[in-house]
Amino acid sequence: MSDRSAFNDEKGGSSSVGEPEYGHDPASGGIFSSDYKRHDDLKEMLDSNKDSLKLEAMKRIVAMIARGKNASDLFPAVVKNVACKNIEVKKLVYVYLVRYAEEQQDLALLSISTFQRGLKDPNQLIRASALRVLSSIRVTIIVPIMMLAIKEAASDMSPYVRKTAAHAIPKLYSLDPEQKDQLIEVIEKLLADKTTLVAGSVVMAFEEVCPERIDLIHKNYRKLCNLLIDVEEWGQVVIINMLTRYARTQFLNPNINESLLEEGGGGEKTFYGSDEDEDEDEEEKEKKAEAAVMAKRKPYVMDPDHRLLLRNTKPLLQSRNAAVVMAVAQLYFHLAPKAEVGVIAKALVRLLRSHSEVQFVVLQNVATMTIKRRGMFEPYLKSFYIRSTDPTQIKVLKLEVLTNLANETNISTILREFQTYIKSMDKDFVAATIQAIGRCATNIGEVRDTCLNGLVQLLSNRDELVVAESVVVIKKLLQMQPEKHSDIIKHMAKLTDNIQVPMARASILWLIGEYCEHVPKIAPDVLRKMAKSFTNEEDIVKLQIINLAAKLYLTNSKQTKLLTQYVLNLAKYDQNYDIRDRARFIRQLIVPTEKSGALSKYAKKLFLALKPAPVLESPFKDRDHFQLGSLSHLLNAKAGGYQELPDWPEAAPDPSVRNVEVKESVPEWTKCSSREKRKEKKVEKPFYSDSEGESGPTESADSESDSASDSESASASEESGSGSESEESEEGSESEEEEEDEEEKEKKKKKKEFKKAAQESESEQSSEEEERKHERKSKQRKSDSESESDEEDESESESSQSESEDSESETEVKKKKKAAESKPPSKPVKKESKKEKKEMSLLDLDDFEPTPSPQVTPVNSFLSNSLVTDLEGLSLSDAVLSPATIAPSSALKNYELLHRITGEGLSVEYCFSRQPFSPDANMVAVQMQFTNNATSDTKNLHIEDVKLQSGMRVKEFPEIELLPAGETATAVMGIDFCDSTQAANFQLCTHTRKFFVSIQPPVGELMKPVFLTENEFKKEQGQLMGMNEITEKLTLDMKCRDEHAIVQRVTAAANLSRVPCGSDKECRFAGRTVTSGSLVLVTVATKEEGAAQLTVNCEKMVIGTMLVKDILLALTQ
37 MSDRSAFNDE
47 KGGSSSVGEP
57 EYGHDPASGG
67 IFSSDYKRHD
77 DLKEMLDSNK
87 DSLKLEAMKR
97 IVAMIARGKN
107 ASDLFPAVVK
117 NVACKNIEVK
127 KLVYVYLVRY
137 AEEQQDLALL
147 SISTFQRGLK
157 DPNQLIRASA
167 LRVLSSIRVT
177 IIVPIMMLAI
187 KEAASDMSPY
197 VRKTAAHAIP
207 KLYSLDPEQK
217 DQLIEVIEKL
227 LADKTTLVAG
237 SVVMAFEEVC
247 PERIDLIHKN
257 YRKLCNLLID
267 VEEWGQVVII
277 NMLTRYARTQ
287 FLNPNINESL
297 LEEGGGGEKT
307 FYGSDEDEDE
317 DEEEKEKKAE
327 AAVMAKRKPY
337 VMDPDHRLLL
347 RNTKPLLQSR
357 NAAVVMAVAQ
367 LYFHLAPKAE
377 VGVIAKALVR
387 LLRSHSEVQF
397 VVLQNVATMT
407 IKRRGMFEPY
417 LKSFYIRSTD
427 PTQIKVLKLE
437 VLTNLANETN
447 ISTILREFQT
457 YIKSMDKDFV
467 AATIQAIGRC
477 ATNIGEVRDT
487 CLNGLVQLLS
497 NRDELVVAES
507 VVVIKKLLQM
517 QPEKHSDIIK
527 HMAKLTDNIQ
537 VPMARASILW
547 LIGEYCEHVP
557 KIAPDVLRKM
567 AKSFTNEEDI
577 VKLQIINLAA
587 KLYLTNSKQT
597 KLLTQYVLNL
607 AKYDQNYDIR
617 DRARFIRQLI
627 VPTEKSGALS
637 KYAKKLFLAL
647 KPAPVLESPF
657 KDRDHFQLGS
667 LSHLLNAKAG
677 GYQELPDWPE
687 AAPDPSVRNV
697 EVKESVPEWT
707 KCSSREKRKE
717 KKVEKPFYSD
727 SEGESGPTES
737 ADSESDSASD
747 SESASASEES
757 GSGSESEESE
767 EGSESEEEEE
777 DEEEKEKKKK
787 KKEFKKAAQE
797 SESEQSSEEE
807 ERKHERKSKQ
817 RKSDSESESD
827 EEDESESESS
837 QSESEDSESE
847 TEVKKKKKAA
857 ESKPPSKPVK
867 KESKKEKKEM
877 SLLDLDDFEP
887 TPSPQVTPVN
897 SFLSNSLVTD
907 LEGLSLSDAV
917 LSPATIAPSS
927 ALKNYELLHR
937 ITGEGLSVEY
947 CFSRQPFSPD
957 ANMVAVQMQF
967 TNNATSDTKN
977 LHIEDVKLQS
987 GMRVKEFPEI
997 ELLPAGETAT
1007 AVMGIDFCDS
1017 TQAANFQLCT
1027 HTRKFFVSIQ
1037 PPVGELMKPV
1047 FLTENEFKKE
1057 QGQLMGMNEI
1067 TEKLTLDMKC
1077 RDEHAIVQRV
1087 TAAANLSRVP
1097 CGSDKECRFA
1107 GRTVTSGSLV
1117 LVTVATKEEG
1127 AAQLTVNCEK
1137 MVIGTMLVKD
1147 ILLALTQ
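The numbering of the sequence shown is the working numbering, which starts it at 37 and goes up by one.
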């Protein structure tokens, strides 16, 4: 019965026999009890349709595992629930699987497909959990699957999943180190991630897998410094430790010219400190050499990146996490100039109010710091006073710090403290205090006698341990000046009767033997007493008795000859072989016989040689070669995985390796006062700056317009405008360097034409301009609050305009120019808009030229009212509303609708203007240009007999009543192609003839651009996988190898907008189909030697397939 009750107790204390609370392994003997049924209950619960029952079952199973019970036979029943929709159940299932995956490898492998499905789950928590479980299955056979999962997760839209991918990297590396090269690629990709959630985890993976690959950090160094403040605490610790090592390899030692930094010559102090024991001559030579080196050496100038690191870590000294504060403290200690290290003292002292475990680690590090940088902790001396409640190890460390901080000014205070500590009940602490007093006495000569007297008083203490420790310390102090202190030696000789602690007895005997000349009467008597008790003494004492006997035999053989022989005979038969050996050796050496060798002549010199006084040093003296705050420093031994702190380089490595071409402007945005603005800019800016090339002028212009959009005054808009104008002119000049001469000639022609036309329309334009100014002012007063966003819109629109115009191919530029020159009637319209564009130099007009002139006319007519009112407040003209603003595309392609021969003198061209069609947003705007090449006028131009596929619609253009001979007219019509490339057929009618024509759209014109952030893009892409994703590999055309060219060709092929991207090897584009609004995502990832991969994600597979063909054609031809 007792056995049965014990069985029940083990199972969970259930009162009734055979009904334990938790399931039990049937193989362990309980097979006939209801235990086995209990497992059946759990299986039933796991198979039920109710989530609550499943959750309860999983809780009980996890509880069984926690209690060490075997739940492996439930594996199949649990695995089934991986697909459960309840996240709580799923989490517990994953916990179970992580526990049994390694043991039940075969069963775990069966569930791999389930995890792979989990990796595609829309819920980021599930995707991350699936990856976590997958990486916890320690089976080498699934290494390729794990590798694939990590690569996919590394480009997941969710930062949380990317963070989990970073955590999985070290696990995979430990399972299969051969995957290192592939993992380094993933690490490199994740290091470029801009989210704070990922930063700490990927640096941890970097430290585990490839800490020697410092080159991966160069480009990300500034980003890591700037993100540091927002990373989670444990990530901060890892990043700071890594950056400490990085900085030691990339920057010069800031204390290299101490004499130049500190006006007194800190350099000389360290110089003397290190060479104290050398000869004067050598010191002089060294000093001169040092001075010569100092004279040659340039004044130290800190690298801006070094300063960035120190500046961005300093606020973290106020962190609530002790590990972060400790990490920053060690960074400052190892990297900062001496004058700046002091800031860490206050933060470390604050940590001393924390738990004893934290105090222990902090004090270990403070003890090391106080040896080199005593001054910075001196103001906080009282913080290191010992409390009665402190644990012993904390007390001993505080004593260490107090001893290191002791100097002539504060020694009296410290000694008063020590006197109090000696009365403590904690014997180990008292012993440590006495040793501390001894160290203070050796370091500060002025208090040596005081300390000795104090220690001698302790010899009369009742506590034997106190007396013993005092004897050991006094022995060391007496070695410094033995002749002055013969009284103390006599006093200690009397203690041999009472003190029983072996170390103390041995110390007294050594003292008496070493200085037996000072106590000639007492020494033989002490030897006599010791000879009596020789057999009962400890080994350490016996050895000192033999030494004492030998020394007395050599100095006073008359009195002690027989005693010495007696002691040596006792030692000859001792149980300890050390003592027997020592007796045999000493007998041969001091008692001359015929056999004794030449050494016996020198016996006296050997035994009574002057011995140097022991130096009482801090046990922390040599610990600073370990990185502070590390486990190795704590243990004072190299721990596994410890990375050595590199020495400072002799010459500074090239700082340009940390320059990031396009992304360098990110740190400037992070200084932005409003966090929301910062986010907006981070998303929007790269969209333009990436595609505009990576030149210096672009960056400066960016920052100029950036600063302008920060201010809320009306003048700010002017500044930002001028900023992006300069950007356009510089960009334009840069992209067209080769054809500069031709361009100049054309520009001069343009100037002449422009001047003529400007005179004609001056009066008309000036009145309009005044009206607009008046309107703008009133608008600005009304919408003051909106001015900020307006200004941002404005700078965006201008830079997008410059982008679209710069990216135009030169041949088309020339075609357009010729066309523009041959069409005088439409010229004044363009001129008005240009003139208003804030008095820029006329040469700059050439940059604006590519916008086709006819487009300007219809813009005002069909832009929606809301858009017009939104844009009215801006200090810009209609030029802003040109198509380039809305869609950052390349030049628009013209298609022939009617040839002049077929049309009997009437020719019609059309283009897809990529404008929103205001009467109906679901229609594609088609801009038509009618040219009458006949000698007679054409009348009543209109559309009839429209033939369309089902679902398609047409909005006809207004009838053109008269088109005189030689004139051109423009009209806009809308066609709803219903997201297909089917042609719209209709008749184009004049007053005399009808012409059958058809308009067939390229697939790229069935879209409208949509602005997405990088995260939104990844999120949407994640939902358009599988059938909705088409991937093609291609080799880029030679002229299309740079980012600018790729963007130009893709946006020419399809009406998409650019999406900002953290990687410079990827271009992303987004748009929606005009009719249904289905999302279209395009990614062009470039690789080495012109290889690239094109990915299109689209809900409509037909459109996706056709778009892939068009873009492939555009990029490869």
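A virtual CB, placed ideally from N, CA and C, is assigned to each residue, including glycine. Since this is a predicted model, take the numbers as computed values, not measurements.
Flag this pair as yes or no: are the beta carbons of residue i and residue j separated by less than 8 Å?
i	j	result
L664	N348	no
L233	P195	yes
Y119	L133	This sequence places Ala at residue 119; Tyr is not what is there. No; because the gap between Cβ atoms is not below 8 Å, this pair is not in contact.
L227	F242	yes
L384	A372	no
P158	Q951	no
M988	C1014	yes
D229	R198	yes
K1145	A1121	no
E1050	P1096	yes
A1007	M964	yes
T428	F454	no
V577	L606	no
T974	T1026	yes
I422	I447	no
L387	I276	no
If you reduce the DSSP assignment to three classes, tell me which class residue i lands in.
i	result
N1133	strand
M405	helix
E224	helix
T1119	strand
C120	coil
F948	strand
N572	helix
Q471	helix
S756	Summary for S756: the model assigns pLDDT 39, below 50, so the residue's position carries little reliability; its value from the coordinates is reported in the next sentence. If DSSP states are grouped into helix, strand and coil, S756 belongs with the helices.
M1061	coil
P1045	strand
What does residue i pair with, by DSSP beta-bridge criteria?
i	result
H661	DSSP lists no partner for H661.
R1094	F1105
F1053	DSSP lists no partner for F1053.
Q963	C947, V1008
T974	L999
I524	Answer is none; I524 lacks a bridge partner.
Counting along the chain, where does the alpha helix (DSSP H) carrying residue i start and finish?
i	result
V109	Reading the sequence as shown, one finds Asp at residue 109 and not Val. Here D109 belongs to no alpha helix (DSSP H), and DSSP marks it neither H nor E.
Y209	195 to 211
I97	87 to 102
Y421	Y421 -> no alpha helix (DSSP H), and no H or E assigned at all.
Following the continuous beta strand (DSSP E) through residue i, name the residue where it begins and the one where it ends.
i	result
L1024	1020 to 1025
E1068	1065 to 1071
S1034	1030 to 1035
K991	989 to 991
P180	P180 -> not in any beta strand (DSSP E); alpha helix (DSSP H) instead, spanning 179 to 190.
Sorry if obvious, but does the Cβ on residue i come closer than 7 Å to a heavy atom of the ligand FMN?
i	result
V379	Inclusion of the ligand FMN in the displayed structure is not the case, the ligand content being empty and no account of it being possible.
Could you give the C-beta distance for residue i and residue j, rounded to a whole number, given that I count them as a contact under 8 Å?
i	j	result
L167	A137	No, L167 and A137 are not in contact; Cβ-Cβ is about 13 Å, not under 8 Å.
L31	V1116	The question about residue 31 has no answer, for the chain in this structure spans 37 to 1153.
G1010	A961	6 Å
T590	L644	In the sequence as displayed, the identity of residue 590 is Leu instead of Thr. That belief holds up - the Cβ atoms of L590 and L644 are roughly 7 Å apart, short of 8 Å.
H254	V693	4 Å
L155	E188	7 Å
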